[in-house]
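Okay, so here's the structure we're looking at.
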Amino acid sequence: MPGKGLAEHDFLYAGESHERALFLVRQGKVVWSYDDPAGKGEVSDAVRLSNGNVLFAHQFGVTEITPEKKVVWNYDTPAGHEVHTAMPIGKDRVLYIQNGNPAVLRVATSSQM
């Protein structure tokens, strides 16, 4: 890679395929990682929130965890449905799209999860 390679950019990496791990990389080194112990499917999307927590979609739901890896809240999809994206809206709302019949586009507060 040109420049400083991975050390040039800090990033949050969410697993691919059936990988259920998340990695926070700073200056080219993994400084934090999380492996979803519940094994609720592939991690499809992840966002680091302004409070340091991580919000991620995991095929069969959405979860928010603290830097200490404690679950703040979790939403599990009904059988036959999947979630592959979740995005924060402000500090207290989350947008996620639930595939299935019927499909759902939902904005919810963390207290509704």
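According to full-length UniProt numbering, the sequence shown is numbered sequentially starting from 1.
Backbone N, C-alpha and C define an ideal beta-carbon position, used for all residues, glycine too.
Count the other C-beta atoms from every protein chain shown that fall within 10 angstroms of the C-beta of residue i, then say buried if there are 16 or more, exposed otherwise.
{"i": "VAL107", "result": "exposed"}
{"i": "GLN98", "result": "buried"}
{"i": "LEU105", "result": "exposed"}
{"i": "ARG93", "result": "exposed"}
{"i": "ALA14", "result": "buried"}
{"i": "ILE65", "result": "buried"}
{"i": "THR77", "result": "buried"}
{"i": "PHE56", "result": "buried"}
Using the Cα positions of residue i and residue j, report the straight-line distance between them to the nearest angstrom.
{"i": "residue 114", "j": "THR63", "result": "What is shown of the chain runs 1 to 113, which leaves residue 114 out entirely."}
{"i": "ASN53", "j": "GLU68", "result": "9 Å"}
{"i": "ASP100", "j": "PHE60", "result": "As written in the sequence, residue 100 is Gly, which differs from the Asp given in the question. The alpha-carbon atoms of GLY100 and PHE60 are separated by roughly 11 Å."}
{"i": "ALA38", "j": "HIS58", "result": "10 Å"}
{"i": "GLY41", "j": "ASP35", "result": "11 Å"}
{"i": "ALA79", "j": "LYS4", "result": "46 Å"}
{"i": "TYR75", "j": "HIS81", "result": "12 Å"}
Looking at the structure shown, is residue i part of a helix, part of a strand, or coil, going by DSSP?
{"i": "ALA7", "result": "helix"}
{"i": "HIS81", "result": "coil"}
{"i": "VAL43", "result": "coil"}
{"i": "PRO88", "result": "strand"}
{"i": "GLY100", "result": "coil"}
{"i": "THR63", "result": "strand"}
Report the option in the options whose CA atom is closest to the CA atom of residue i.
{"i": "ALA86", "options": "GLY5, ALA14, VAL31 and ASP45", "result": "ASP45"}
{"i": "ALA7", "options": "ALA21, VAL31 and LEU22", "result": "VAL31"}
{"i": "LYS29", "options": "LYS70, THR109 and PHE11", "result": "PHE11"}
{"i": "GLU19", "options": "PRO88, VAL43 and VAL25", "result": "VAL43"}
{"i": "LYS91", "options": "VAL47, ALA103 and PRO102", "result": "VAL47"}
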